[in-house]
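Numbering (the working numbering), first residue to last: 209 to 538.
Ideal Cβ positions, reconstructed from N, Cα and C, are used throughout, including at glycine.
Model, not experiment: these values are computed from the prediction.
Take a look at the structure set out below.
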Amino acid sequence: MSAPRFVAVGAGRMGRGIAISFAYAGHRIALVDLRQRTPEAWQKLREEAMAEVRGALLGLAKLGAIEERNIPEIAARVEMVDAAGAPAALAAAELVFEGVPETMEAKREAFAQINRHCRADAILTSTTSSILVTQLAEIVEKPERFLNMHWLNPAYVIPVVELSTHPGTSAEVLARTRTLMEGIGKLPVVCGPAPGYIVPRLQALVMNEAARMVEEGVATAEEIDKATRYGMGLRFAALGVVEFIDFGGCDILHHASREMAGSIDPHRYQAPAIVGRMMEEGKLGLKTGSGFYQYEGRDVLAYRLDVLSRTLGMLKHAGLWKPPAERTLS
Numbered sequence: 209m210s211a212p213r214f215v216a217v218g219a220g221r222m223g224r225g226i227a228i229s230f231a232y233a234g235h236r237i238a239l240v241d242l243r244q245r246t247p248e249a250w251q252k253l254r255e256e257a258m259a260e261v262r263g264a265l266l267g268l269a270k271l272g273a274i275e276e277r278n279i280p281e282i283a284a285r286v287e288m289v290d291a292a293g294a295p296a297a298l299a300a301a302e303l304v305f306e307g308v309p310e311t312m313e314a315k316r317e318a319f320a321q322i323n324r325h326c327r328a329d330a331i332l333t334s335t336t337s338s339i340l341v342t343q344l345a346e347i348v349e350k351p352e353r354f355l356n357m358h359w360l361n362p363a364y365v366i367p368v369v370e371l372s373t374h375p376g377t378s379a380e381v382l383a384r385t386r387t388l389m390e391g392i393g394k395l396p397v398v399c400g401p402a403p404g405y406i407v408p409r410l411q412a413l414v415m416n417e418a419a420r421m422v423e424e425g426v427a428t429a430e431e432i433d434k435a436t437r438y439g440m441g442l443r444f445a446a447l448g449v450v451e452f453i454d455f456g457g458c459d460i461l462h463h464a465s466r467e468m469a470g471s472i473d474p475h476r477y478q479a480p481a482i483v484g485r486m487m488e489e490g491k492l493g494l495k496t497g498s499g500f501y502q503y504e505g506r507d508v509l510a511y512r513l514d515v516l517s518r519t520l521g522m523l524k525h526a527g528l529w530k531p532p533a534e535r536t537l538s
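Have a look at this one:
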């Protein structure tokens, strides 16, 4: 049997989540530990990793996502590989995910082996959440085949993976990466070499503001969570954040930002320059025919109905949609 096409370097939580994603999609994947260990330490790590893989699959089975009888077959697609077997596993890899600890020293050590053993056409990625792709590209041989890939936990459940490219990333490599990830049911999104990618950058602002409201006594944690799950969360599950700006109108964001900048904090709530430019140009979104998106020639009524359908779908999923009340007028 040939070696797996996919390799996750680093047998920690992220590597295990990636391994489950590929195994669930029907692919064999090597979960590689580069550290030299005693036989006892290796056996302990191997047992812990595979127990976590089987435990995650059992959780999916309990929720009806898979049949429990299929767990052994899926788990068997994850092949644990120790330091001695790493060169052969890397040499066979088409796509490699580096997921060692978040230090440049650890990354350099890992990529020294990845560079040494991977074939020239292998796509190399890092799952780092804190180190820029431009920094890591400097330690990768043939950096045109390199990009960062940020998975959202749990990696085997959340579909979005954020692909962060550097100026030298090959367009062909990016296209191949997207195709491979889509092939296992993921939804890749592309961003440049910016701290925080897309999702962490947005959610950090929301989480800090929520914590600040608790600190200030604005509302309890329970009330804030109810508001975000069934208010903001439902809406942003039906509409993307930028789409939401266009749907309501850029002018709404402009005026709301101005008021909250004046009453809460002038820095946290100041609208970016692009909002001011769009106001000046009259590009307010759906109501004017253009905004962040273009709406000329679009069936606006059909689009609004589609948005309503998405929103109702989320309400029904949350168990919050009720049939109309039957009343007798007196």
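- In the structure shown, residue 365 adopts coil according to DSSP, grouped into three states.
- Residue 453 places its beta carbon 7 Å or farther from that of residue 229.
- By the Cβ-count criterion, residue 476 is exposed, with fewer than 16 other Cβ atoms from all chains shown falling within 10 Å of its own Cβ.
- Listed in chain order, the beta strand (DSSP E) elements of length 3 or more contained wholly in the stretch 267-303 are 286-289.
- Taking 7 Å as the cut-off, the beta carbon of residue 211 is found closer than this to the beta carbon of residue 300.
- Residue 359 carries a strand assignment under DSSP once its states are collapsed to helix, strand and coil.
- Residue 442 sits away from residue 398, with the two beta carbons spaced by 7 Å or more.
- Judged by DSSP in its simplified three-state form, residue 349 adopts coil rather than helix or strand.
- Under the DSSP assignment, residue 419 falls in the alpha helix (DSSP H) whose first and last residues are 407-424.
- Proximity of the stretch 372-391 to the stretch 327-343 meets the contact definition, three or more beta-carbon pairs being nearer than 8 Å.
- Judged by DSSP secondary structure, residue 446 falls within the alpha helix (DSSP H) whose first and last residues are 441-446.
- Cβ-Cβ separation between residue 242 and residue 215: approximately 11 Å, too far for a contact (criterion under 8 Å).
- DSSP, read as helix, strand or coil, puts residue 338 in coil.
- In the three-state reduction of the DSSP assignment, residue 391 falls in the coil class, being assigned neither a helical nor a strand state.
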